[in-house]
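Q: Be aware that the sequence shown starts at 11, since it is given in the working numbering, and climbs by one per residue.
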Amino acid sequence: MYLNLISLQEIQPCSTVDARFGIIAGFTDSITDIMPYINAVNPTAVYNKDQGWISLRIRQRIITLYDKSLKGAYLISETDAYETLDYIKDMINDLDSKRDEIEPDFTVAQMPSYIDIYNLLPKINCKKCGEVGCLAFSGKLLTGKTSIEKCIPLFGESYKKERMEIDEIMVVYGYKG
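In structure tokens form, the structure reads like this:
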């Protein structure tokens, strides 16, 4: 068995999606060398070898795997968290047993640009976030110098879809979680 145990360490409410939760869990073993195999078989995988993580969708949840831990978003309950962790453990152990049959994929995903984020923002330059405009806000969001919660208009009902898209980008690409 490649991975012996995943232990749930924390459950926290998602900041942008009501009735959903985020999780943090730890691994007993390093999974760095299995990440290229996950990247090879999972079409939703976003791999960043240099930063040491891979993010993927599992049953509408976004899971980011690191060397000896993971962060998950959009889980619906504690039971869902445990089921997802069991699924991940089984997936990793199954991939390990099939390494000889799989060509590892070391392709690193293209990271989003500040323009990708800007295109999802309200673009009203209201300065409520503390920045000179939405373009500056998008750049600071991608560098971790601000948070999505600072864009007040984005939390209005008319921008719900865009807010969820930005939040998903931030989670998938390891900017938050």
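Every residue, glycine too, gets a C-beta built ideally from N, C-alpha and C.
Would you kindly report the start and end of the unbroken beta strand (DSSP E) that includes residue 16?
A: Here the beta strand (DSSP E) through residue 16 covers 16-23.
Q: Whose C-beta lies closer than 6 Å to the C-beta of residue 20 among residues of the same chain, with five residues either side of it excluded?
A: 34, listed in sequence order.
Q: To which residues does DSSP link residue 81 through a beta bridge?
A: The partner list for residue 81 (beta bridge, DSSP) reads 34 and 74.
Q: Residues in its own chain within less than 6 Å of residue 170 by CB, not counting five upstream and five downstream?
A: Excluding residues within five positions, none has a Cβ falling inside 6 Å.
Q: So within the region 39-119, which uninterrupted alpha helix (DSSP H) runs reach at least 4 residues, ignoring any that extend past its ends?
A: Fully enclosed alpha helix (DSSP H) runs of 4 or longer: 45-51 and 88-107.
Q: What's the call for residue 141, buried or exposed, on a 16-neighbour Cβ count within 10 Å?
A: Residue 141 comes out buried.
Q: First and last residue of the alpha helix (DSSP H) that includes residue 165?
A: First-last for residue 165: undefined, no H or E at that position.
Q: Drop a sphere of 10 angstroms on the beta-carbon of residue 23, count the other beta-carbons inside from all chains shown, and report buried for 16 or more, exposed for fewer.
A: Per the 10 Å Cβ criterion, exposed.
Q: Looking only at C-alpha atoms, which of 44, 52, 84 and 17 sits nearest to residue 1?
A: It is not possible to answer for residue 1, since the shown part of the chain is limited to 11 through 187.
Q: In chain order, what residues of the same chain have a beta carbon less than 7 Å from the beta carbon of residue 115, not counting five sequence neighbours either side?
A: The residues are 46, 49 and 50.
Q: Less than 8 Å between the beta carbons of residue 37 and residue 68, yes or no?
A: For residue 37 and residue 68, no; Cβs fall outside 8 Å.
Q: Check for me: the alpha helix (DSSP H) holding residue 178 runs from which residue to which?
A: Segment 170-182, the alpha helix (DSSP H) holding residue 178.
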